[in-house]
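Have a look at the structure below before the remarks.
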Amino acid sequence: MSGTHDQAPATHAAAEAHDAHEGPIKTPKQLIAAVFFAFVIPIAVLVLAANYVSSDVKPAAGSDITDAEAVAARIQRVGAIELKDLSSPAAFRSGEEIFKAQCAACHATGTLGAPKFGDADAWGPRVKTGFEALLHSALKGKGAMPPQEGGDASDFELARAVVYMANNGGAKFDEPKAPVAASAASQ
Ligand code: HEC
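Just remember that the working numbering sits 152 ahead of the position in the sequence shown, which is counted from 1.
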């Protein structure tokens with residue numbers, strides 16, 4: 153009897169010791185939870201923090217201040233060169249584009265007595281003077297028309313605009329040759 157009595161507390165103590173050794177994690181579920189809180193959450197926090205620190209300025213919706221192109225435009229060096237394949241007419245704006253951009257202001261309506269676009273009567277006598285004469289007038293100016301050269305349109309583009317306008321006024325001028333092709337042809 154005393155033997156059993158002695159044994160009981162010992163077993164109890166052993167069980168307690170065992171409990172203490174075992175710690176709070178007793179089931180696989182708790183292990184998963186422990187791994188989660190010990191590793192996954194801190195790592196997630198670090199990732200978010202790193203992301204926050206290294207993220208760029210976040211512009212308002214619709215703003216382009218951080219667009220690669222906008223940045224490049226801001227930091228570009230002063231004075232840029234534009235490379236064009238001068239032998240290709242595609243590198244230049246069409247006569248119609250130049251007309252709309254630079255000539256239509258007067259020629260669309262006939263302002264200042266300009267021969268109106270598409271008006272064969274107004275263009276007829278002028279067309280008879282020939283393409284070179286018309287081009288010369290456009291480049292150097294004539295009467296109330298100021299010289300058209302020297303703007304952002306090249307002489308070739310202006311020549312295209314002259315052909316575009318004249319041909320819509322009854323002329324049958326050929327499309328002018330691109331500068332390099334023209335100089336190659338004249339050699
Ligand atoms: C500020 C108004 C104005 C603009 C812009 C203008 N023109 Fe004219 N243009 C005139 C006037 C006015 C005349 C008539 C000049 C005259 O016969 O006295 C004219 C005449 C012409 C003629 C006939 C010239 C001749 O010898 O009879 C051509 C070709 C011509 N323009 C081409 C152009 C082209 C190409 C552009 C654009 C690149 C252009 N013009 C832009 C006002 C303008």
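Glycine residues also receive a C-beta, built at the ideal position from the N, C-alpha and C atoms. Just so we're clear, the structure is a prediction, and the values are computed from it rather than from any experiment.
**Request:** Look up residue 372 in the DSSP assignment and say whether it is helix, strand or coil.
**Result:** Limits of the chain in this structure are 153 at one end and 339 at the other, which puts residue 372 out of reach.
**Asked** Do you know offhand how far residue 230's Cα is from residue 303's?
**Response** Against the sequence shown, residue 230 aligns to sequence position 78. Against the sequence shown, residue 303 aligns to sequence position 151. Rounded to whole angstroms, residue 230 and residue 303 show a C-alpha spacing of 20 Å.
**Request:** Using 8 Å as the cut-off, classify the Cβ of residue 244 as near or not near the heavy atoms of the ligand HEC, replying yes or no.
**Result:** Numbered from its first residue, the sequence shown carries residue 244 at position 92. No; taking the cut-off as 8 Å, the Cβ of residue 244 has no heavy atom of the ligand HEC nearer than that.
**Request:** Leaving out five residues on either side along the sequence, give the residues of the same chain with a beta carbon under 7 Å from the beta carbon of residue 320.
**Result:** Taking the first residue of the sequence shown as 1, we reach residue 320 at position 168. Closer than 7 Å at Cβ, skipping near neighbours: 269, 270.
**Request:** Find out if the Cβ-Cβ distance for the pair residue 315, residue 239 is shorter than 9 Å.
**Result:** Translated into the one-based positions of the sequence shown, residue 315 becomes position 163. Translated into the one-based positions of the sequence shown, residue 239 becomes position 87. Going by C-beta atoms, residue 315 is not nearer than 9 Å to residue 239.
**Prompt:** Do you know offhand how far residue 245's Cα is from residue 309's?
**Reply:** Indexing the sequence shown from 1 puts residue 245 at position 93. Indexing the sequence shown from 1 puts residue 309 at position 157. Taking the straight line joining both Cα atoms gives about 6 Å.
**Classification of residue 295 by the beta-carbon crowding that lies within 10 angstroms, buried from 16 upward** = Against the sequence shown, residue 295 aligns to sequence position 143. Per the 10 Å Cβ criterion, exposed.
**Request:** Check whether the Cβ of residue 294 sits closer than 8 Å to any heavy atom of the ligand HEC, and report yes or no.
**Result:** The residue labelled residue 294 in the question sits at position 142 within the sequence shown. Answer for residue 294: yes, Cβ within range of the ligand HEC.
**Message:** Between 284, 221, 318, which has its C-alpha nearest residue 345's C-alpha?
**Reply:** Residue 345 is absent from the model: the chain starts at 153 and stops at 339.
**Request:** Run the proximity test for residue 120: is its beta-carbon closer than 8 Å to any non-hydrogen atom belonging to the ligand HEC?
**Result:** Lying outside 153 to 339, the shown extent of the chain, residue 120 is not represented and no answer is given.
**Item:** Limits of the alpha helix (DSSP H) - the one that residue 252 falls within
**Value:** Counting from one through the sequence shown, the residue named residue 252 turns up at place 100. Here residue 252 belongs to no alpha helix (DSSP H), and DSSP marks it neither H nor E.
**Asked** Which of the three DSSP states, helix, strand or coil, is assigned to residue 273?
**Response** Counting from 1 along the sequence shown, the entry for residue 273 is found at position 121. Three-state DSSP puts residue 273 in a helix.
**Message:** DSSP three-state label for residue 233, please.
**Reply:** Mapped onto the sequence shown, residue 233 falls at position 81. Of the three classes helix, strand and coil, the one that applies to residue 233 here is coil, per DSSP.
**Item:** Separation of residue 258 from residue 329, as counted between CA atoms
**Value:** Here residue 329 refers to the residue found at position 177 when the sequence shown is read from its first residue. Here residue 258 refers to the residue found at position 106 when the sequence shown is read from its first residue. Each residue's Cα considered, the two are about 26 Å apart.
**Request:** Give the straight-line distance between the Cα atoms of residue 219 and residue 207, rounded to the nearest whole angstrom.
**Result:** Walking along the sequence shown from the start, residue 219 turns up at place 67. Walking along the sequence shown from the start, residue 207 turns up at place 55. For residue 219 and residue 207, the distance between alpha carbons rounds to 15 Å.
**Prompt:** Any heavy atom of the ligand HEC within a distance shorter than 8 Å of the CB on residue 289?
**Reply:** Counted from its first residue, the sequence shown places residue 289 at position 137. Correct: residue 289 has its Cβ closer than 8 Å to the ligand HEC.
**Message:** Applying the 10 Å Cβ sphere with the 16-neighbour rule, what's the burial state of residue 228?
**Reply:** For the purposes of this step, residue 228 is taken as residue 76 along the sequence shown, with counting starting at 1. Classification of residue 228: exposed, given that the 10 Å Cβ count is below 16.
**Asked** Should residue 247 be labelled buried (16 or more other beta-carbon atoms within 10 Å of its own) or exposed?
**Response** Residue 247 sits at position 95 when you count from the first residue of the sequence shown. Only buried fits residue 247, as 16 or more other CB atoms lie within 10 angstroms of its CB.
**Request:** Taking residue 314 as part of the alpha helix (DSSP H), name the residues at either end of that continuous run.
**Result:** As a first step, residue 314 is located in the sequence shown; it is residue number 162 there, counting from the start. Counted as a single uninterrupted DSSP element, the alpha helix (DSSP H) harbouring residue 314 occupies residues 307-320.
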